[in-house]
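Undergrad: Please find one structure pasted underneath; my questions will follow.
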Amino acid sequence: MTALARFIEERRPRWNRLETLLEEAQESETRLGPERLQELVLLYRSACTDLNRARTLTANPELIGGLNQLIGRAYRIVYRRRRSGRIDLKRFFLREVPATFHRRSRWFSLAAAALLAGAAVGFAAVIVNPAYAAALIPGQFFVERPAARVEHAEKGNERIESLRDATAFGAYLYTHNIQVSFLTFALGALSFAGGIVLLFYNGLILGAVAAQYLIDGAGTFFVAWVGPHGALEIPAIVFAGAAGLLSGNALLMPGETGRVAALRDAFPAVFRILCACAVLLVCAGLIEGSFSQMSARSVPYAVKIAVAAALFAAMCTWLFGRRDEGA
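Structure (structure tokens):
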């Protein structure tokens, strides 16, 4: 078999697959869904490489012309999407991101299980022996008497007295939260086990703090205080951890496809997940820097808890409540 015949035999299935996707895309791009659109882009780039290779092997006008025509059709689809950035942005967040959350749900389940396991251990440890709180809770979060802190928060001046205060505090918070999420992602991506451990540790702290407030009769305050921003912030950290685990799996356990192919396959999903995390963390920081800091004199506990539930429900509806046609 000649080099040209071998080349055509190896590459033709990809060209046929690209042609099939182009026919579907010309009817309706929405029927493809984000994953097959990504496949179309990768096949388009591969066909461009194939065309250059074919020119070194033959001057056959039928082969070269056919590839040129195929690439031209793909080019129009690929760059039409890139030029319509405003439409793509809407589709990205309303269709592609939720579709990714559906397809990669097992990684979210694993990340959430790690955090919840830590929360259960931390909560149980402090309930069994309140003295464990000092050992489990970092110094910046630990208070000897949560009830005393609640009394000070409810009877003292409001922590946030102006829009300027809220904006400055919110900017600090969402910057810090993004740093924590990125660390969770990075540990998962580079070591896999590191992401699991950090999620467990974050859950451990959360559970221990919740138990301490509950024991001291300040459980309702804790839920009202953490709930509004925590409804977005805690899931965002879980999602960042899931993106790290997905990346770590591709990097450290790529399977038969190889590391490069596994990372290439995982990258679009990881990117979408991290974009969703960034949106959630910015919103959580703004809420934590303003609404969450208000005392019961300004906003009753019941209202803050109801807002927390509404925010969590809205997030779940956005990310998990609708399956994309191409998912």
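Heads up, the sequence shown stops at 1137 in my numbering, and the numbers go up one at a time, no gaps. C-beta: ideal position from N, C-alpha, C; glycine also. Since the structure is predicted, the reported quantities are computational estimates derived from the model, not experimental observations.
Could you tell me if A987 is buried or exposed, where buried requires 16 or more neighbouring beta carbons within 10 angstroms of its beta carbon?
TA: The question names Ala, but residue 987 is Asn in the sequence shown. Flag for N987 reads buried.
Undergrad: Taking 9 Å as the cut-off, decide whether the C-beta atoms of P956 and Y1023 are in contact.
TA: Yes.
Undergrad: Grab the span of the alpha helix (DSSP H) containing S915 for me, first residue to last.
TA: Counting along the chain, the alpha helix (DSSP H) containing S915 begins and ends at S915 to V938.
Undergrad: Is L1096 buried or exposed, if buried means 16 or more other CB atoms sit within 10 Å of its CB?
TA: Buried, because 16 or more other Cβ atoms sit within 10 Å of the Cβ of L1096.
Undergrad: Tell me whether L853 is buried or exposed, calling it buried when 16 or more other Cβ atoms sit within 10 Å of its Cβ.
TA: Burial call: buried.
Undergrad: In terms of residue numbering, what span does the alpha helix (DSSP H) encompassing Q950 cover?
TA: Element bounds for Q950: n/a, residue is neither H nor E.
Undergrad: Inspect the beta-carbon positions of A776 and L850 and report whether they are closer than 9 Å.
TA: Residue 776 is absent from the structure shown; the chain starts at 811 and stops at 1137.
Undergrad: Mapping DSSP to helix, strand and coil, what is N826?
TA: Three-state DSSP puts N826 in a helix.
Undergrad: For R846, which option in S915, S1105 and E906 has the closest C-alpha, if you only look at C-alpha atoms?
TA: When only C-alpha atoms are compared, the closest one is E906.
Undergrad: Following the continuous alpha helix (DSSP H) through Q1022, name the residue where it begins and the one where it ends.
TA: Unbroken alpha helix (DSSP H) run through Q1022: A1003 to I1025.
Undergrad: For P871, does the three-state DSSP call read helix, strand or coil?
TA: Three-state DSSP puts P871 in a helix.
Undergrad: Answer yes or no: do L1008 and T994 have a C-beta to C-beta separation smaller than 9 Å?
TA: Yes, Cβ-Cβ distance for L1008 and T994 is below 9 Å.
Undergrad: From A944 to F952, what does the alpha carbon distance come to, in whole angstroms?
TA: Each residue's alpha carbon lies about 7 Å from the other.
Undergrad: Looking at the unbroken alpha helix (DSSP H) that takes in R1082, where does it start and where does it end?
TA: Counting along the chain, the alpha helix (DSSP H) containing R1082 begins and ends at R1069 to E1098.
Undergrad: Helix, strand or coil for T812 per DSSP?
TA: Residue state, collapsed to three classes: coil.
Undergrad: Below 8 Å, can you find three or more Cβ-Cβ pairs linking the segment 1031-1046 to the segment 1104-1118?
TA: Contact holds: three or more Cβ-Cβ distances are below 8 Å.
Undergrad: Taking DSSP as the reference, what is the three-state secondary structure of P908?
TA: Helix, per DSSP.
Undergrad: Near G1005, what residues of its chain come up, given a Cβ to Cβ distance below 7 Å and the 5 sequence neighbours on each side ignored?
TA: Only T994, L997, G998, G1051, G1054, L1055 and G1058 meet the Cβ criterion.
Undergrad: Is G843 closer than 9 Å to A884 when the C-beta atoms are compared?
TA: Going by C-beta atoms, A884 is not nearer than 9 Å to G843.
Undergrad: DSSP three-state label for M1125, please.
TA: Note: M1125 maps to helix in three-state DSSP.
Undergrad: With V1036 as the anchor, note down where its alpha helix (DSSP H) starts and where it stops.
TA: V1036 -> alpha helix (DSSP H) spans G1029 to L1062.
Undergrad: Work out the CA separation of L861 and T868 for me, nearest whole Å.
TA: Taking the straight line joining both Cα atoms gives about 10 Å.
Undergrad: I believe A1076 touches A1060 by the beta-carbon criterion, under 8 Å. Please report the beta-carbon distance rounded to the nearest angstrom.
TA: Yes, they are in contact, since the Cβ atoms of A1076 and A1060 sit about 4 Å apart, within 8 Å.
Undergrad: Within the same chain, show all residues whose beta-carbon is closer than 8 Å to that of G1040, passing over the 5 residues directly before and after it, in chain order.
TA: For G1040, where only same-chain residues beyond five positions count, the Cβ hits under 8 Å are A1094 and A1118.
Undergrad: Suppose contacts are defined by Cβ-Cβ distances below 9 Å. Is R855 in contact with A1079 by that definition?
TA: The answer is no: Cβ separation not under 9 Å.
Undergrad: Beta-carbon within less than 6 Å of I887's beta-carbon, same chain only, minus the 5 sequence neighbours each way: which residues are those?
TA: Excluding sequence neighbours, I887 sits near A835.
Undergrad: Among R865, L1073 and P1038, which has the Cα closest to the Cα of A1116?
TA: Ranking R865, L1073 and P1038 by Cα distance to A1116 puts P1038 first.
Undergrad: If distances are taken between C-alpha atoms only, which option among N1012, F1081, P1064 and E872 comes closest to A921?
TA: Checked all of N1012, F1081, P1064 and E872; the closest Cα to A921 is N1012.
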